[in-house]
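Take a look at the structure below.
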Amino acid sequence: TTGNNFLLLLIKYDGWISGTITLKGGAGVVTNVEVTSDTVNVSPDATGYYEILLENGTYDVTASLDDYTTVTIQDVEVIANYTTNVDITLLNWEVIPGTQYTMIAYVTTSLDGIYLTNTGSNQFAAFGSGGTSDCRGIATWQEGNHPLWRGYYTLDGYWYLPMVSNNNSGTDTISFKIFDTDTDSIYDCYETIIFEDCTISQLDVVAQNEVDQDFSLISEWNWISFNVHPANTSINTILASLGSDGFQIKDQTQSSTYTDPPGTWVGTLTDITDGVGYLLNMLNSFDPFTVTGYRINPETHPIPLSYDSTYSCNYNWIGYYPAEELTLNQALESIGSNVHSIKTQTKSAVYYNGSYIGDLLTMQPGVSYKMNMNAVDTLTYPIAEATKGFSPIVYTSNPLGWKVLSGYDKNMIAIVDLVNIDNPSAISTGIFDECGNCHSIGSYQNDIWYFTIVGNESTILHFEAVNNETDEYFISNQTIVFENDIILGKISEPYEISLEKTHNSSPIIELYRNQPNPFYLSTSIRYYIPESSHVELSIYNILGQKVKTLISTHKDAGEYALTWNGLDENGTQLSNGIYFYKLTAGASSVVKKMLMVQ
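Written out as structure tokens, the structure is:
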């Protein structure tokens, strides 16, 4: 239709902002508080409740009262016919008047390892020796990085804190307090400064709130790190609860040993340092070992990493600050390609073409890491909350239940091509010493086999493997010699190992001792048959009743291995106790005993 005019009226809908005003400290009267939003001013009732009617839109809400802080909650959304709740807490903090000197600080504040921002009624202020009645400055929140920020990660914001004084003699000590809305608590801070007129400084301030970090220590070596900072960093204080169960602690350059008498730790390592990884040797297991301190903010505690081109390896022993597990790419973002490799006590990874290849996928609280660098750099961990992100897919197979030796302080890496293995997805492979102890279990990725090998210097090691589809067993005639911290092979040029089917010249069948024995969840059984025949391997209980047939089929001559998981023919978990496993091949048979402990 043409020639017709229409008048369209803007329809506005009202909503509400309401909440409770709380006065913390002082003798103020809550009904005297002025709550302002847009052009509307109201005062709460005797319970602190207030309500403001506004058109739908976005508003700031400010609460103020003489002798108290003024708090503004920004960007409150008002929705038509809906009430938005905004509670506000006012503190009896008021800057002292009549001063002649001023200084400024750009401040980040941390509580439990994360930044305290302007969320809710969060507040930050400075005080002189007179405490709450001697307030020297109340901070305001500013968005983005402050002018002196040099951290790797961008700040959401910081506290701008002007401070005043009448004493510029270098003897006026300033302390700090924060108010946290979530806990409805005022916290003193650890840091203090000396007032100095006409200066601008940056501060990273931590609220005094201690938490526990617990460890479950095994006998022998434990690779540990701390993400809390104890009030007393002395080794003798931190390790006091271990008593004579502890034996030795060391970092990269220093160590101390427990000496009894006098029942103290003696050596060059006297104090715990933030960001350092430690190796702790125990005579007995200890659980829980607890360290108490404030949680460290990773973004304000960068870790320097060294590199010396004259060394073939440049390992740095580092701790892990974040409170949550992170993938390697997340945790080590700040150092990019300057890292060569990283390892724990039993796992490791090599940085290659923008990603990490190895059996170490994530970093976890409480674990010590050794990081091999390509260049000098500084590691800044991100603040971790519960996100995990993407992890690469790594094929690690251990159906035989091989158990890697524990409690070692040394390891090495091997990057291997098993040249005559055609179907790696069917293969489980491990590295063993001459006594049959397992030192590593291989993981297959990017067309290579990756091993983190624990051990002692000069130990002679060989490779073993089993085909999980055919049960055929393989062993390498080649050996390697353990050497701490080396990397054998490269991603681009792996170390070649040949595996051969095991050859046994015995004219009789052989049934080997199951491993492990006693066993908990599963155990592996190896056997040898000298000629092609029908083979049956079965499990019997102590009454002589057959409870499980593991295999009953025709097999060629050779050595084989398979696993029993403690279940009977019906898939029911059997009880603890003694069991027998019997191998029958042709007219020959052999029986051995094992113990299951659930």
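Residue numbers (the working numbering): 126 to 723. Backbone N, C-alpha and C fix where the C-beta goes; we use that ideal spot for every residue, glycine too.
Taking residue i and residue j to be in contact with their CB atoms under 8 Å, please state how far apart those CB atoms are, rounded to whole angstroms.
i	j	result
Val69	Ile616	Since the displayed the chain opens at 126 and closes at 723, residue 69 lies outside it and no answer follows.
Ser647	Asn690	5 Å
Leu636	Leu708	4 Å
Gly402	Tyr494	6 Å
Ile538	Leu586	Rounded, the Cβ-Cβ distance is 13 Å, inconsistent with contact.
Asp396	Ser359	6 Å
Leu190	Leu215	6 Å
Val232	Val331	At roughly 11 Å, the Cβ-Cβ gap does not stay under 8 Å, so Val232 and Val331 are not in contact.
Could you please give the first and the last residue of the uninterrupted beta strand (DSSP E) stretch that includes residue i?
i	result
Ala251	248-252
Ala456	That residue, Ala456, is in no beta strand (DSSP E); its alpha helix (DSSP H) goes 453-456.
Thr195	From DSSP, Thr195 is part of no beta strand (DSSP E); its letter is neither H nor E.
Asn497	494-498
Asn602	598-606
Asp212	Careful: Asp212 lies outside any beta strand (DSSP E) and carries neither H nor E.
Ile177	174-180
Val660	658-665
Pro429	428-430
Leu504	502-504
Trp348	345-349
Cys260	260-263
Asn592	585-592
Cys560	Counting along the chain, Cys560 falls outside any beta strand (DSSP E), and DSSP gives it neither H nor E.
Asp681	Per DSSP, Asp681 belongs to no beta strand (DSSP E) and is neither H nor E.
Ile374	371-375
Thr389	389-392
Pro643	From DSSP, Pro643 is part of no beta strand (DSSP E); its letter is neither H nor E.
Taking the C-alpha atoms as reference points, what is the distance between residue i and residue j?
i	j	result
Thr296	Ser254	11 Å
Asn581	Ile540	19 Å
Asn592	Pro507	42 Å
Thr452	Asn357	32 Å
Ser631	Lys717	18 Å
Val606	Val715	36 Å
Tyr446	Asn352	5 Å
His465	Lys535	18 Å
Gln225	Asn293	9 Å
Val167	Lys149	20 Å
Thr161	Pro287	25 Å
Leu457	Gly238	18 Å
Tyr706	Ile664	5 Å
Thr584	Gly561	12 Å
Phe515	Glu159	With a pLDDT of 37 at Phe515, under the threshold of 50, the modelled position of that residue is not reliable, and no figure is offered here.
Gly371	Gly702	34 Å
Phe579	Gly491	The residue asked about is misnamed: residue 579 is Val in this sequence, not Phe. Taking the straight line joining both Cα atoms gives about 20 Å.
Pro386	Leu364	16 Å
His679	Asp547	23 Å
Would you mind reading off the limits of the alpha helix (DSSP H) that contains residue i?
i	result
Asn536	Taken as a continuous stretch (DSSP letters only), Asn536 belongs to no alpha helix (DSSP H), being part of the beta strand (DSSP E) at 536-543.
Asn361	360-363
Going by beta carbon distance, what residues of the same chain come within less than 6 Å of residue i, once the five residues before and after it are set aside?
i	result
Asp212	Gly144, Thr145
Asp259	Phe252, Gly253
Pro427	Thr503, Thr505
Leu613	Ala539, Tyr620
Gln470	Trp348
Thr265	Tyr285
Asp339	Pro413, Thr415
Thr208	Trp141, Ser143
Asn129	none
Trp574	Val541, Leu543, Gly567
Val672	Ile664, Asn666, Asp693
Arg651	Tyr637, Ala686
For residue i, write down the residues that DSSP places opposite it in a beta bridge.
i	result
Lys718	Phe705
Asp313	Lys302
Lys117	Here the chain has residues from 126 to 723 only, and residue 117 is not among them.
Val232	Trp284, Leu328
Tyr481	Tyr476
Gln723	The partner list for Gln723 (beta bridge, DSSP) is empty, contrary to what the question assumes.
Lys615	DSSP, once it has assigned bridges, lists no residue as partnering Lys615.
Phe340	Phe414
Give me, in chain order, the residues of the same chain whose beta-carbon lies closer than 7 Å to that of residue i; leave out the 5 immediate sequence neighbours on both sides.
i	result
Asn642	Thr648, Met719, Leu720
Lys302	Ala250, Phe252, Ile311, Tyr312, Asp313, Cys314
Met496	Leu430, Tyr440, Asn441, Ile443, Val464, Ile467
Cys438	Asn497, Asp610
Ser326	Ala230
Ile319	Gly295, Asp297, Thr298
Tyr704	Ile664, Tyr665, Asn666, Met719, Met721
Of all the CB atoms in chain D, is at least one closer than 8 Å to the CB of residue i?
i	result
Gly245	Considering every chain present, this structure includes no chain D. It has just one protein chain.
Enumerate in chain order the residues of its own chain whose CB-to-CB distance from residue i is below 8 Å, with the five nearest sequence positions on each side excluded.
i	result
Gln489	Tyr445, Glu450
Leu132	none
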